[in-house]
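To start, the structure under review is shown below, and the notes come after it.
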Amino acid sequence: MDFNDSPAEAEYRAKVRSWLDANAADYREPHEDWDLKTFIAHSKAWQAKKYEAGYTGITWPVPVGGQGLSPMHSIIYSQEEGRFHTPSGLYSIGLGMCIPTVFTHGSPEVTARYVPKALRGEEVWCQLFSEPAAGSDLAGIRTKAVRDGDDWIIDGQKVWTSFAHASDYGIVVTRTDPSVPKHKGLTMFIVDMKAPGMEVRGIKQMSGDSGFNEVFFTGVRVPDAWRLGAVGDGWKVALTTLMHERLAVGGKPRSAPGYEQLMSLARLTEAPNGAPAIEAGDVRQRIAQTYINDQGIKLTQMRALSALSKGQVPGPEQSIAKVVVAKTMQDLASFALDLAGGDGLLAGNDADPELAKLQSSYIGAAGLRIAGGTDEILRNIIAERVLGLPGDLRPDKDKPFNAAA
Ligand SMILES: Cc1cc2nc3c(=O)[nH]c(=O)nc-3n(C[C@H](O)[C@H](O)[C@H](O)COP(=O)(O)OP(=O)(O)OC[C@H]3O[C@@H](n4cnc5c(N)ncnc54)[C@H](O)[C@@H]3O)c2cc1C
-6 MDFNDSPAEA EYRAKVRSWL DANAADYREP HEDWDLKTFI AHSKAWQAKK
44 YEAGYTGITW PVPVGGQGLS PMHSIIYSQE EGRFHTPSGL YSIGLGMCIP
94 TVFTHGSPEV TARYVPKALR GEEVWCQLFS EPAAGSDLAG IRTKAVRDGD
144 DWIIDGQKVW TSFAHASDYG IVVTRTDPSV PKHKGLTMFI VDMKAPGMEV
194 RGIKQMSGDS GFNEVFFTGV RVPDAWRLGA VGDGWKVALT TLMHERLAVG
244 GKPRSAPGYE QLMSLARLTE APNGAPAIEA GDVRQRIAQT YINDQGIKLT
294 QMRALSALSK GQVPGPEQSI AKVVVAKTMQ DLASFALDLA GGDGLLAGND
344 ADPELAKLQS SYIGAAGLRI AGGTDEILRN IIAERVLGLP GDLRPDKDKP
394 FNAAA
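Just so it is clear: in the sequence shown, position 161 is 154 by the working numbering, and no numbers are missing.
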């Protein structure tokens, strides 16, 4: 494993760094006071700036508007942008997952119409996959699409759709044939989030945010030209999206506190005997454990980088990183809030922004342990595909969807 940049990578890093230093100066500090409107405005302006400078679609093919560079270039760019608090998130699902699915499976006309506007940040996209009765078991979705001339009519409900409230378009997986096994009767479409029959209802989260939504489809018309892939090939198309999702979700969020914050809190906090908490054996052990996990995560990510730099695809062992990141983040924040005593319980602690960060990290980690594959599903993947253990039970796999119990 070689942790150093090659000469060409070092040159690209230097170019990116100097562009960011010149253009991202406004984002050196976090902007926690932004409301949704301000966040969207900043996100759009920043995305347009990146587009003009050639830092969007870094790994995408040149004919669809990408830069045609390697995954290492994309990672170098993300590492460098990660030194700033640029507005991120609004496009992570659209550009990270939806648009690669659109240009891989959509017609040339669809690609030409949607990809450039998405890259410039003019249009925001969301991913309409999960349903009330289908999340981990995505192939169990019930939202149906029925052919009507040159159109399809969609009825059903999606849930947990991040940024649906700010989106112009989405990709939706539907059931077009319930008489065949569940993975075979699915078809994917682009959908206009403002079309008649679409209703987006925000979900209030325990953090106070409303980042995701329920989305209801009542007789929503979609032209057949907006179909992604062949009729009945929706599972294959969805796998393109999910493959990108697994690569996108996995690292520690930029804002999440690490062992350094735990150490400084332990230095400032008194143990019941009046001594600094950092002198207590159990506190020192927790800090050491967090540090060990951090190093393990870094090395697992390095292994993926090393594979990418050799032109290989990282293997299923990448699932390990997400399981450990989310759990470590939750354990660290929980322990730190315990250390802070009563102050750790006060919500939205204005007096202490560091504690507020720990609170939101604690709450956010719960979502991270679910989004993009729950801990249990990732453990199944590790068991089956990394360790070669027997597969999970899938009794309905080959039965017609409408006959499975
Ligand atoms: C922050 C966040 C953002 C999200 N954004 C989106 C989005 O933009 N678009 C979208 O479509 N979805 C989104 N989701 C939904 C997400 O994909 C699902 O929540 C996830 O796939 C789990 O599905 P579920 O919630 O239906 O839980 P379920 O699948 O019902 O799981 C419930 C519990 O059962 C366990 N379980 C299920 N199957 C097995 C098994 N075979 N073996 C062992 N244990 C099992 C799970 O691990 C979990 O603990 C988001 C979720 C979160 C938290």
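We treat Cβ as the ideally placed atom computed from N, Cα and C, and that holds for glycine. Every value quoted in this text rests on a predicted model; they were computed, and no experiment measured them.
Open item on the list: Against chain C, does K197 count as a neighbour if the rule is that its beta carbon must be under 9 angstroms from one of theirs?
Closed with: Here there is only one protein chain, and chain C is not present.
- [ ] Inspect the beta-carbon positions of I33 and V103 and report whether they are closer than 9 angstroms.
- [x] Sequence index remark: in the sequence shown, residue 33 carries index 40 (1-based). Sequence index remark: in the sequence shown, residue 103 carries index 110 (1-based). Contact flag unset, no.
Open item on the list: Helix, strand or coil for K315? Go by DSSP, reduced to three states.
Closed with: On the sequence shown, position 322 is the one that residue 315 refers to. Helix, per DSSP.
TODO: Would you kindly work out how many angstroms separate the C-alpha atoms of S312 and D170, rounded to a whole number?
DONE: Stepping through the sequence shown from its first residue, residue 312 is reached at position 319. Stepping through the sequence shown from its first residue, residue 170 is reached at position 177. Going from the Cα of S312 to the Cα of D170 covers about 32 angstroms.
Task: Contact set for I51: own chain, Cβ-Cβ below 8 angstroms, skip 5 residues either direction - done: Within the sequence shown, numbered from 1, the residue matching residue 51 stands at position 58. Within the same chain, I51 has close Cβ partners G59, Q60, L62, H66, S67 and Y70.
Task: Option nearest S357 by Cα separation, candidates I271, M256, G201 and L298 - done: What you label residue 357 is simply residue 364 of the sequence shown in a count that begins at 1. Before going on, a small fix: residue 357 reads as Gly here, not Ser. It is G201 whose Cα lies nearest to the Cα of G357.
Open item on the list: Quick check on DSSP: helix, strand or coil for N485?
Closed with: No statement about residue 485 is possible, as the shown extent of the chain runs from -6 to 398 and does not include it.
- [ ] For T367, verify whether its CB is less than 8 angstroms away from any heavy atom of ligand 1.
- [x] Along the sequence shown, read from residue 1 onward, the residue named residue 367 stands at position 374. Yes; taking the cut-off as 8 angstroms, the Cβ of T367 has a heavy atom of ligand 1 nearer than that.
Task: Same chain, Cβ closer than 8 angstroms to D144, five either side skipped, listed in chain order - done: For this step, residue 144 is matched to residue 151 along the sequence shown. Cβ neighbours of D144 beyond the five flanking positions: R214, V215, P216 and D217.
TODO: Would you mind sorting V316 into buried or exposed? The rule is 16 or more other CB atoms within 10 Å of its CB.
DONE: Numbered from 1 along the sequence shown, position 323 holds the residue referred to as residue 316. Buried, because 16 or more other Cβ atoms sit within 10 Å of the Cβ of V316.
Open item on the list: Just to confirm my understanding: we take F96, look at its own chain, exclude 5 residues before and 5 after, and list those with CB closer than 6 angstroms. What are they?
Closed with: On the sequence shown, residue 96 is found 103 positions in, with the first residue counted as 1. Here the set comprises V57, T104 and V108.
Open item on the list: Any heavy atom of ligand 1 closer than 8 angstroms to the beta-carbon of S100?
Closed with: Here residue 100 refers to the residue found at position 107 when the sequence shown is read from its first residue. Not so, every heavy atom of ligand 1 lies at least 8 angstroms from the Cβ.
TODO: Kindly provide the ranges of any alpha helix (DSSP H) runs that are 4 or more residues long and lie completely inside the segment 68 to 113, ordered along the chain.
DONE: 92 to 98 and 101 to 112
Task: Anticipated Cβ contact below 8 angstroms, R277 with I271, distance rounded - done: Position 284 of the sequence shown holds residue 277. Position 278 of the sequence shown holds residue 271. Rounded, the Cβ-Cβ distance is 7 angstroms, consistent with contact.
Task: Same chain, Cβ closer than 7 angstroms to L371, neighbours up to 5 away in sequence not counted - done: Here residue 371 refers to the residue found at position 378 of the sequence shown. Hits under 7 angstroms: S312, K315 and V316.
TODO: Please classify I285: is it buried, with 16 or more other beta-carbons within 10 angstroms of its beta-carbon, or exposed?
DONE: Along the sequence shown, one-based indexing puts residue 285 at 292. Exposed, by the Cβ-count rule.
TODO: For T167, verify whether its CB is less than 8 angstroms away from any heavy atom of ligand 1.
DONE: Counted from its first residue, the sequence shown places residue 167 at position 174. The answer is no for T167.
Task: Coarse secondary structure for D275, derived from DSSP in three states - done: Along the sequence shown, read from residue 1 onward, the residue named residue 275 stands at position 282. In the structure shown, D275 sits in a helix (DSSP, three-state: H, G or I).
Task: Cutoff 6 angstroms; reference T293; Cβ partners in own chain excluding five residues on either side - done: Within the sequence shown, the letter at position 300 stands for residue 293. The residues are I313 and A314.
Task: Closest by C-alpha distance to A319, when choosing among D343, G365 and I86 - done: What you label residue 319 is simply residue 326 of the sequence shown in a count that begins at 1. Ranking the options by Cα distance to A319, first place goes to G365.
Task: Local conformation of T283 per DSSP, three classes - done: Looking up residue 283 in the sequence shown gives position 290. Here T283 sits in helix by DSSP.
- [ ] To the nearest angstrom, report how far apart Y399 and E25 are at their CA atoms.
- [x] Nothing about residue 399 can be reported from this structure: the residues present for the chain run from -6 to 398 only.
Open item on the list: When you compare the segment 113 to 125 with the segment 381 to 389, are there three or more beta-carbon pairs, one atom per stretch, that lie closer than 8 angstroms?
Closed with: no
TODO: Could you tell me how far apart the beta carbons of A132 and L179 are, in whole angstroms, since I believe they sit closer than 8 angstroms?
DONE: Numbered from its first residue, the sequence shown carries residue 132 at position 139. Numbered from its first residue, the sequence shown carries residue 179 at position 186. Yes, A132 and L179 are in contact; Cβ-Cβ is about 7 angstroms, under 8 angstroms.
Open item on the list: Taking 9 angstroms as the threshold (C-beta atoms), are A17 and T94 in contact?
Closed with: Position 101 of the sequence shown, counted from the start, is the residue given in the question as residue 94. Position 24 of the sequence shown, counted from the start, is the residue given in the question as residue 17. At a Cβ-Cβ threshold of 9 angstroms, T94 and A17 do not count as neighbours.
TODO: Taking only heavy atoms of ligand 1 into account, decide whether any of them is closer than 8 angstroms to the Cβ of S123.
DONE: Position 130 of the sequence shown, counting from 1, holds the residue named residue 123. Indeed, a heavy atom of ligand 1 lies less than 8 angstroms from the Cβ.
Open item on the list: I want to check one thing, is the minimum distance from the CB of F205 to the heavy atoms of ligand 1 below 8 angstroms?
Closed with: Taking the sequence shown and counting its residues from 1, the one referred to as residue 205 is at position 212. Remark: the shortest separation between the CB of F205 and any heavy atom of ligand 1 falls under 8 angstroms.
TODO: Would you check whether ligand 1 has a heavy atom nearer than 8 angstroms to the C-beta of I285?
DONE: The residue given as residue 285 occupies position 292 in the sequence shown. Answer for I285: no, Cβ out of range of ligand 1.
Open item on the list: Just to confirm, is the Cβ distance from T367 to L325 under 9 angstroms?
Closed with: For the purposes of this step, residue 367 is taken as the residue at position 374 of the sequence shown. For the purposes of this step, residue 325 is taken as the residue at position 332 of the sequence shown. No, these two residues do not count as a Cβ contact at 9 angstroms.
Task: Contact belief for D336 with L351 at Cβ below 8 angstroms, rounded distance in angstroms - done: Taking the sequence shown and counting its residues from 1, the one referred to as residue 336 is at position 343. Taking the sequence shown and counting its residues from 1, the one referred to as residue 351 is at position 358. Their Cβ separation, rounded to whole angstroms, is 10 angstroms, which puts D336 and L351 out of contact at 8 angstroms.
Task: Cβ separation of V208 and K151, assumed to be a contact under 8 angstroms, to the nearest whole Å - done: Residue mapping note: residue 208 aligns to position 215 of the sequence shown, counting from 1. Residue mapping note: residue 151 aligns to position 158 of the sequence shown, counting from 1. About 4 angstroms separates the two Cβ atoms, so the contact holds.
Task: CB of S248 within 9 angstroms of CB of S85, strictly - done: Translated into positions along the sequence shown, residue 248 becomes position 255. Translated into positions along the sequence shown, residue 85 becomes position 92. Annotated as distal: S248 and S85, with beta-carbon spacing of 9 angstroms or more.
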